[in-house]
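Chemist:
There are 2 protein chains.
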Amino acid sequence: MSVIVWWLVTAVMVAAHSASAGSAGVVESYWEVENQFRSPDCTEGVVIAINGTFPGPTIYANAGDTVIIHVKNKLSTENVVIHWHGIRQNGTPWSDGAAGVTQCPINPGETFTYKFTVDKAGTHFYHGHYGMQRSAGLYGMMVVRSPKETLHYDEFNLLLSDWWHLSSTLQELSLSSKPMRWIGEPQSLLINGRGQFDCSQAGYFNEGGLKECNFTKDDPCAPTTLRVEPNKVYRLRIASTTSLASLNLAVEGHQLEVVEADGNYVAPFTVGDIDIYSGETYSVLLRTHNPSPPRKYWISVGVRGRKPNTPQALTVLHYAGASESERLPFPPRETPRWDDFNRSKNFSKKIFAAKGYPPPPEKSNAQLFLLNTQNLMEGYTKWAINNLSLSVPATPYIGSIRYGLPLEYLTFPGPEIIENYDINHPPVNPNTTVSSGIYNLTMGMVVDVILQNSNVLKGEISEVHPWHLHGHDFWVLGYGEGKFQPGVDDKRYNLTNAPLRNTVALYPYGWTALRFVTDNPGVWFFHCHIEPHLHMGMGVVFAEGVDQIAKMNIPREALGCGSTREMFMNQGRH
Amino acid sequence: MSVIVWWLVTAVMVAAHSASAGSAGVVESYWEVENQFRSPDCTEGVVIAINGTFPGPTIYANAGDTVIIHVKNKLSTENVVIHWHGIRQNGTPWSDGAAGVTQCPINPGETFTYKFTVDKAGTHFYHGHYGMQRSAGLYGMMVVRSPKETLHYDEFNLLLSDWWHLSSTLQELSLSSKPMRWIGEPQSLLINGRGQFDCSQAGYFNEGGLKECNFTKDDPCAPTTLRVEPNKVYRLRIASTTSLASLNLAVEGHQLEVVEADGNYVAPFTVGDIDIYSGETYSVLLRTHNPSPPRKYWISVGVRGRKPNTPQALTVLHYAGASESERLPFPPRETPRWDDFNRSKNFSKKIFAAKGYPPPPEKSNAQLFLLNTQNLMEGYTKWAINNLSLSVPATPYIGSIRYGLPLEYLTFPGPEIIENYDINHPPVNPNTTVSSGIYNLTMGMVVDVILQNSNVLKGEISEVHPWHLHGHDFWVLGYGEGKFQPGVDDKRYNLTNAPLRNTVALYPYGWTALRFVTDNPGVWFFHCHIEPHLHMGMGVVFAEGVDQIAKMNIPREALGCGSTREMFMNQGRH
Chain A
1 MSVIVWWLVT
11 AVMVAAHSAS
21 AGSAGVVESY
31 WEVENQFRSP
41 DCTEGVVIAI
51 NGTFPGPTIY
61 ANAGDTVIIH
71 VKNKLSTENV
81 VIHWHGIRQN
91 GTPWSDGAAG
101 VTQCPINPGE
111 TFTYKFTVDK
121 AGTHFYHGHY
131 GMQRSAGLYG
141 MMVVRSPKET
151 LHYDEFNLLL
161 SDWWHLSSTL
171 QELSLSSKPM
181 RWIGEPQSLL
191 INGRGQFDCS
201 QAGYFNEGGL
211 KECNFTKDDP
221 CAPTTLRVEP
231 NKVYRLRIAS
241 TTSLASLNLA
251 VEGHQLEVVE
261 ADGNYVAPFT
271 VGDIDIYSGE
281 TYSVLLRTHN
291 PSPPRKYWIS
301 VGVRGRKPNT
311 PQALTVLHYA
321 GASESERLPF
331 PPRETPRWDD
341 FNRSKNFSKK
351 IFAAKGYPPP
361 PEKSNAQLFL
371 LNTQNLMEGY
381 TKWAINNLSL
391 SVPATPYIGS
401 IRYGLPLEYL
411 TFPGPEIIEN
421 YDINHPPVNP
431 NTTVSSGIYN
441 LTMGMVVDVI
451 LQNSNVLKGE
461 ISEVHPWHLH
471 GHDFWVLGYG
481 EGKFQPGVDD
491 KRYNLTNAPL
501 RNTVALYPYG
511 WTALRFVTDN
521 PGVWFFHCHI
531 EPHLHMGMGV
541 VFAEGVDQIA
551 KMNIPREALG
561 CGSTREMFMN
571 QGRH
Chain B
1 MSVIVWWLVT
11 AVMVAAHSAS
21 AGSAGVVESY
31 WEVENQFRSP
41 DCTEGVVIAI
51 NGTFPGPTIY
61 ANAGDTVIIH
71 VKNKLSTENV
81 VIHWHGIRQN
91 GTPWSDGAAG
101 VTQCPINPGE
111 TFTYKFTVDK
121 AGTHFYHGHY
131 GMQRSAGLYG
141 MMVVRSPKET
151 LHYDEFNLLL
161 SDWWHLSSTL
171 QELSLSSKPM
181 RWIGEPQSLL
191 INGRGQFDCS
201 QAGYFNEGGL
211 KECNFTKDDP
221 CAPTTLRVEP
231 NKVYRLRIAS
241 TTSLASLNLA
251 VEGHQLEVVE
261 ADGNYVAPFT
271 VGDIDIYSGE
281 TYSVLLRTHN
291 PSPPRKYWIS
301 VGVRGRKPNT
311 PQALTVLHYA
321 GASESERLPF
331 PPRETPRWDD
341 FNRSKNFSKK
351 IFAAKGYPPP
361 PEKSNAQLFL
371 LNTQNLMEGY
381 TKWAINNLSL
391 SVPATPYIGS
401 IRYGLPLEYL
411 TFPGPEIIEN
421 YDINHPPVNP
431 NTTVSSGIYN
441 LTMGMVVDVI
451 LQNSNVLKGE
461 ISEVHPWHLH
471 GHDFWVLGYG
481 EGKFQPGVDD
491 KRYNLTNAPL
501 RNTVALYPYG
511 WTALRFVTDN
521 PGVWFFHCHI
531 EPHLHMGMGV
541 VFAEGVDQIA
551 KMNIPREALG
561 CGSTREMFMN
571 QGRH
């Protein structure tokens with residue numbers, strides 16, 4: 001208990017980018033979500049657009065503001081939700097936008113209003129969280145600023161995504177087929193919704209054997225150039241909403257100073273490039289120099305962590321006065337080798353909390369081991385956690401808890417779930433079970449989660465999984481190789497300047513440990529942010545403060561499906 | 001009033017294929033609806049399958065039975081409904097399966113139970129009625145038999161459909177785009193869900209310049225052969241659930257005796273081929289002869305009414321003893337010229353009610369003129385009726401009426417809506433309005449509907465529209481050329497042996513008149529059965545017996561969306 005009090009006291013000290021109550025405003029928007037024909041990579045496909053734009057409009061708000069978004073579903077037959085990635089939804093868990101977890105999906109023709117407070121400054125984004133609609137292009141940036149914050153620079157937003165020519169419906173069906181049909185690597189990478197398929201802007205260097213792209217500056221796939229002045233500092237706000245790809249971003253001839261990760265300041269450090277996993281955001285400072293004559297530099301985004309089959313996304317850092325038409329003199333930076341995981345881990349391990357952030361509580365009350373495995377279920381390929389593959393029910397968990405409807409709570413496994421498992425080879429017993437069970441967390445706990453990676457079903461392979469937690473930031477306590485060793489590895493946790501994140505990578509054959517405090521009643525999804533993996537069951541759900549949820553005044557519009565709808569309708573019978 | 005009484009008295013005389021109450025049974029099925037990869041035309045695509053089958057399972061029931069179908073939606077993000085085409089849903093209008101009209105669409109993961117009585121024998125089918133899901137392959141046959149019926153023969157079911165390689169989602173988006181992108185003609189025609197793309201089984205005759213199809217008998221696209229004995233009578237139950245195509249069916253070397261249309265017996269007549277529009281069903285008797293040696297004959301289905309760009313669907317009438325491997329000696333019958341509308345009208349005009357059927361009431365109480373036009377709305381292409389393009393609301397009409405929620409009722413236009421319109425040229429003022437307004441019909445009325453065709457937006461073209469009425473059979477009073485002339489054309493109505501149908505063709509530049517009695521309280525869709533046309537607004541809705549609907553005990557599961565859901569949830573607030 002004293003741990004908690006101490007933590008809470010420390011927490012209020014981190015006010016650098018928190019809002020004062022007096023200045024709070026309201027940011028309100030009316031959105032219409034619909035399919036549109038677009039050519040994000042110069043090849044026509046269909047995107048889920050918001051108010052006719054793809055990606056969706058960028059939300060700008062100040063810390064402390066109330067954001068109100070009225071989302072009208074104008075799709076023909078598909079439901080929809082929107083998740084506000086990085087927003088902790090303190091007091092408004094029904095606005096988290098996770099279908100089946102915190103709300104019912106919005107039916108065609110209907111409107112759902114999201115209303116939440118953005119309590120601190122940071123770089124966030126939003127995206128669909130139903131089926132694989134994120135992969136269909138339903139996403140956009142969300143930038144929360146604060147007049148108090150110290151990093152006042154000219155800014156650029158870079159929203160990174162990957163793009164498939166197969167519709168999200170077909171991707172889902174492929175992954176759910178027996179045998180599973182793997183969707184392969186994305187056709188293109190997009191920067192702010194723009195990319196080029198099967199060609200490279202740097203093709204004249206014969207980059208990757210690709211021909212030079214042939215688009216005009218008015219094409220919807222033409223990249224947005226970053227136009228800069230010499231000798232200035234720019235803040236690049238970078239978010240990755242990829243469906244599958246882990247990315248690396250580099251700016252030719254420039255260093256990047258990392259200052260923010262997932263909406264929290266980090267102790268600044270300078271690198272030549274950054275790795276960014278799906279679900280992560282970074283702010284990096286880019287200091288321009290003074291090239292003479294003024295010239296252009298490549299900004300390049302390439303695939304990491306999986307054997308890439310997708311060209312780099314390229315855009316241009318354009319110094320004022322540089323030629324508009326002249327080609328760049330040098331090829332873009334090569335993306336680091338995809339399987340150089342040590343390089344990736346080194347980057348991850350450079351990230352520490354900025355000064356003034358509270359360290360994690362010194363001890364935890366509970367340890368939750370989450371063994372990540374790839375499995376089979378009656379011939380279907382699944383991802384499973386502790387041998388259960390998640391299937392989100394038709395009735396949102398938050399509604400079932402609020403109204404005391406039947407729900408299965410899972411028991412916390414002991415460390416033997418990892419000890420007894422051979423993580424280095426394909427599973428001996430590959431079978432799994434589908435489950436809708438969830439974990440029950442009482443309030444005021446300090447929870448450690450140990451994510452343990454393992455070998456996939458076939459071959460000697462282990463994949464990267466970026467895990468994202470809704471409703472919380474967590475401290476990243478450490479990463480390790482092989483099996484987590486209780487009593488050994490936990491002794492080496494970083495309890496001094498562990499960074500606060502909402503997404504963290506689990507590296508191949510390794511473990512990642514994180515800690516958070518259960519101070520936010522709600523039902524929170526915790527899942528691999530790779531869309532196909534989540535679709536195949538790679539997630540868990542935390543019911544946090546069940547007693548508090550049972551007293552919540554949840555807007556009924558969030559619960560108009562499944563058993564809660566049935567219950568309400570029977571209550572109203574007359 | 002006496003007209004009605006007379007009609008009701010006559011109606012009970014038509015008992016040849018009605019059920020006796022004592023023998024009524026229950027036909028109950030549990031269905032799971034999901035996307036599946038299939039190759040209906042030897043090319044892989046995605047179909048909406050039911051319990052893993054495409055087309056869905058054939059429902060067999062006896063007249064008087066109660067049919068109970070529990071439909072579980074296992075699609076990932078799309079809602080679904082199923083309409084029971086030809087079933088009048090007397091007393092169960094909420095089971096009609098028209099999304100937004102008689103029920104809310106079923107959400108993924110949820111189950112809706114349809115329960116209705118099949119009151120008379122006949123050939124029917126069922127299909128999706130949400131978005132353009134019928135075009136995605138959500139359909140199957142429904143055969144209602146009666147021990148009392150006289151036509152006891154060995155039977156074959158032939159469910160005819162058309163098939164696109166563009167998904168129904170992309171078809172919808174194409175049609176809803178600005179400017180509209182026409183989806184073109186189907187890639188294939190299917191018989192019982194099987195067809196062949198870009199080839200012909202009769203290709204060795206160089207039929208239509210197509211190569212011969214190359215499939216094995218185990219391929220899912222291999223046709224189901226109709227195996228017959230000599231000198232027998234077979235009943236072919238034929239239904240067309242095409243999205244777009246009007247069809248013609250012929251059996252090489254055989255005549256067809258038409259005996260049933262849309263679930264009603266007709267005065268038998270013999271033809272060499274039949275035209276069948278989307279939404280229509282026929283039973284034809286096929287008398288085999290005794291070919292020596294035994295041989296095979298083509299059954300061919302081709303496109304009528306639109307300039308075809310789709311090969312004939314072919315299957316084989318296989319006499320017992322004929323060679324399995326030998327090719328057929330003659331090419332299939334050529335489909336009649338697509339634009340020989342006189343030939344089509346001649347076929348329509350051969351259809352009269354069988355003896356014993358009641359003639360229509362002699363006079364009507366109301367005339368509803370429905371002017372069919374193609375229009376523009378802010379650059380979007382629409383179809384409109386009386387200059388209103390239908391947009392079905394998120395709250396089903398039946399729920400709005402039941403609970404007195406706001407609803408717009410349209411006034412019946414006078415004949416001047418036709419008199420003042422130039423049907424022979426593109427519209428002078430092409431603009432239309434989108435409307436959710438409906439027509440209010442009181443009980444006990446005899447309603448005449450006069451469908452008036454006209455020229456489309458561009459060029460000198462008028463299209464065929466097969467109009468389908470839910471909840472009723474109607475008498476087809478007559479067809480005519482040009483503008484309907486009140487006081488002239490209505491004098492020539494067939495009031496003696498007008499056939500009862502639920503679907504009727506409106507021919508280019510002409511009119512079609514029909515009559516029905518408002519004896520079935522409910523909300524009934526009346527629309528062009530061409531899926532793209534309905535998607536573009538070509539329909540009207542009849543609220544029949546608003547006072548009766550307001551007293552109905554509608555299952556609340558049918559109303560769990562939109563304003564009715566909101567109302568129930570507020571009633572239940574505590």
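Protein chains in written order, with the UniProt record's numbering: chain A, 1 to 574; chain B, 1 to 574.
Built from N, CA and C at the ideal position, the CB exists for glycine as well.
Cα separation between F369 (chain B) and P486 (chain B)?
Modeler: Spanning the two alpha carbons is a distance of roughly 10 Å.
Chemist: Under 8 Å, do S389 (chain B) and W383 (chain B) count as touching if we go by C-beta distance?
Modeler: Result yes, Cβ atoms of S389 (chain B) and W383 (chain B) sit closer than 8 Å.
Chemist: Looking at the secondary structure, which residues open and close the alpha helix (DSSP H) in which G562 (chain B) lies?
Modeler: Unbroken alpha helix (DSSP H) run through G562 (chain B): G562 to Q571.
Chemist: Can you name the residues of chain A whose CB is closer than 9 Å to the CB of P220 (chain B)?
Modeler: Those within 9 Å of P220 (chain B) in chain A number zero; the least Cβ separation is about 15 Å.
Chemist: If you follow the alpha helix (DSSP H) that V428 (chain A) is in, where does it begin and where does it stop?
Modeler: Segment: none, V428 (chain A) is in no alpha helix (DSSP H) and carries neither H nor E.
Chemist: Take V33 (chain A) as the anchor and find which of A:S39, A:A24, A:N553 and A:V80 has the nearest alpha-carbon.
Modeler: The residue with the shortest Cα to Cα distance from V33 (chain A) is A:V80.
Chemist: Nearest-angstrom Cα distance between P430 (chain B) and N455 (chain B)?
Modeler: If I take the Cα positions, the gap works out to 11 Å.
Chemist: Taking the runs of the beta strand (DSSP E) that are 3 residues or longer, which of them lie wholly in the UniProt domain "Plastocyanin-like" (34-148) of chain B?
Modeler: Qualifying beta strand (DSSP E) stretches, in chain order: 45-50, 59-62, 66-73, 82-85, 111-117, 122-128 and 139-145.
Chemist: Between the Cα of L405 (chain B) and those of B:H127, B:L173, B:A550 and B:A202, spot the shortest distance and give me the residue it belongs to.
Modeler: Considering only alpha carbons, the answer is B:A550.
Chemist: Cβ of C561 (chain A) less than 8 Å from any chain B Cβ?
Modeler: With 8 Å as the cut-off, C561 (chain A) counts as an interface residue toward chain B.
Chemist: How would you call Y204 (chain B), buried or exposed, if buried means at least 16 neighbouring beta carbons within 10 angstroms?
Modeler: Counting Cβ neighbours within 10 Å, Y204 (chain B) comes out exposed, since fewer than 16 surround it.
Chemist: When the Cα atoms are used, what is the spatial distance from Y114 (chain A) to S283 (chain A)?
Modeler: In a straight line, the C-alpha of Y114 (chain A) is about 26 Å away from that of S283 (chain A).
Chemist: To be precise: take each residue of the region 73-96 of chain A, compare its Cβ to all Cβ atoms of chain B, and keep it if any distance is under 7 Å. Which residues remain?
Modeler: Cβ contacts with chain B come from S76, T77, E78 and N79.
Chemist: Mind listing the chain B neighbours of E110 (chain A)? Cutoff is C-beta to C-beta under 8 Å, in chain order.
Modeler: Within 8 Å Cβ-Cβ: A394, C561 and G562.
Chemist: Can you grab the Cα-Cα spacing for the pair M569 (chain A) / T564 (chain B), in whole Å?
Modeler: Going by the C-alpha atoms only, they are around 10 Å apart.
Chemist: Rounded to whole angstroms, what's the CA-CA distance from A21 (chain B) to V118 (chain B)? Just pull it up for me.
Modeler: Bear in mind that the predicted position of A21 (chain B) carries a pLDDT of just 45, short of 50, making it unreliable; the figure below should be weighed with that in mind. Each residue's alpha carbon lies about 12 Å from the other.
Chemist: Assuming S135 (chain B) and E531 (chain B) form a contact by the criterion Cβ under 8 Å, report the distance between their Cβ atoms to the nearest whole angstrom.
Modeler: 5 Å between Cβ atoms; contact.
Chemist: Determine the DSSP secondary structure at P532 (chain A), reduced to helix, strand or coil.
Modeler: In the structure shown, P532 (chain A) sits in a helix (DSSP, three-state: H, G or I).
Chemist: How many angstroms separate the CA atom of residue 575 (chain B) from the CA atom of S174 (chain A)?
Modeler: Outside the displayed span of chain B (1 to 574) sits residue 575 (chain B), for which this structure offers no information.
Chemist: Using a Cβ cut-off of 8 Å (strictly closer), state whether A21 (chain B) contacts chain A.
Modeler: Low confidence applies here, because A21 (chain B) scores a pLDDT of 45, under 50, leaving its location unreliable and the question unanswered by this model.
Chemist: Out of curiosity, what's the CA-to-CA distance linking K355 (chain A) and P268 (chain A)?
Modeler: Taking the straight line from one Cα to the other gives about 10 Å.
Chemist: Could you give the first and the last residue of the continuous alpha helix (DSSP H) run that contains I461 (chain A)?
Modeler: Where I461 (chain A) is concerned, there is no enclosing alpha helix (DSSP H), given that its DSSP letter is neither H nor E.
Chemist: Given that N107 (chain A) touches chain B, what residues does it touch there, using C-beta distances under 8 Å?
Modeler: Simply N79, C104, P105, N107, A394, C561 and G562.
Chemist: Please report the residue range of the beta strand (DSSP E) in which E481 (chain A) lies.
Modeler: E481 (chain A) -> beta strand (DSSP E) spans F474 to E481.
Chemist: Whose C-alpha, out of A:N387, A:G263, A:C213 and A:F156, is nearest the C-alpha of V144 (chain A)?
Modeler: Closest option to V144 (chain A), Cα to Cα, is A:G263.
Chemist: Suppose you measure from the CA of V303 (chain B) to the CA of T77 (chain A); what does that come to, to the nearest Å?
Modeler: So the two alpha carbons sit approximately 29 Å from each other.
Chemist: Step through the CB atoms of chain B and report whether any lies within less than 8 Å of the CB of R565 (chain A).
Modeler: Yes, because at least one Cβ of chain B sits closer than 8 Å to the Cβ of R565 (chain A).
Chemist: Is the beta carbon of I106 (chain B) closer than 8 Å to that of N73 (chain B)?
Modeler: Cβ distance < 8 Å, so N73 (chain B) and I106 (chain B) count as in contact.
Chemist: Whole angstroms are fine: how far does the CA of A61 (chain A) sit from the CA of residue 588 (chain A)?
Modeler: Since the first residue of chain A shown is 1 and the last is 574, residue 588 (chain A) is not available in this structure.
Chemist: I'd like to know whether the C-beta atoms of V101 (chain B) and V523 (chain B) end up nearer to each other than 8 Å.
Modeler: Yes, the pair counts as a contact, with Cβ atoms nearer than the cut-off.
Chemist: Could you tell me which residues DSSP puts in a beta bridge with Q452 (chain B)?
Modeler: Answer is B:L371 and B:W511, bridged to Q452 (chain B).
Chemist: For a quick check, are the C-beta atoms of L477 (chain A) and P359 (chain A) less than 8 Å apart?
Modeler: Cβ distance not < 8 Å, so L477 (chain A) and P359 (chain A) don't count as in contact.
Chemist: Consult DSSP for A558 (chain A) and reduce its assignment to one of helix, strand or coil.
Modeler: DSSP places A558 (chain A) in helix when its eight states are reduced to three.
Chemist: Taking Cβ positions, are M377 (chain B) and H465 (chain B) nearer each other than 8 Å?
Modeler: No, they are not a contact pair.
Chemist: Beta strand (DSSP E) containing K296 (chain B): first to last residue?
Modeler: Per DSSP, K296 (chain B) belongs to the beta strand (DSSP E) from K296 to R304.
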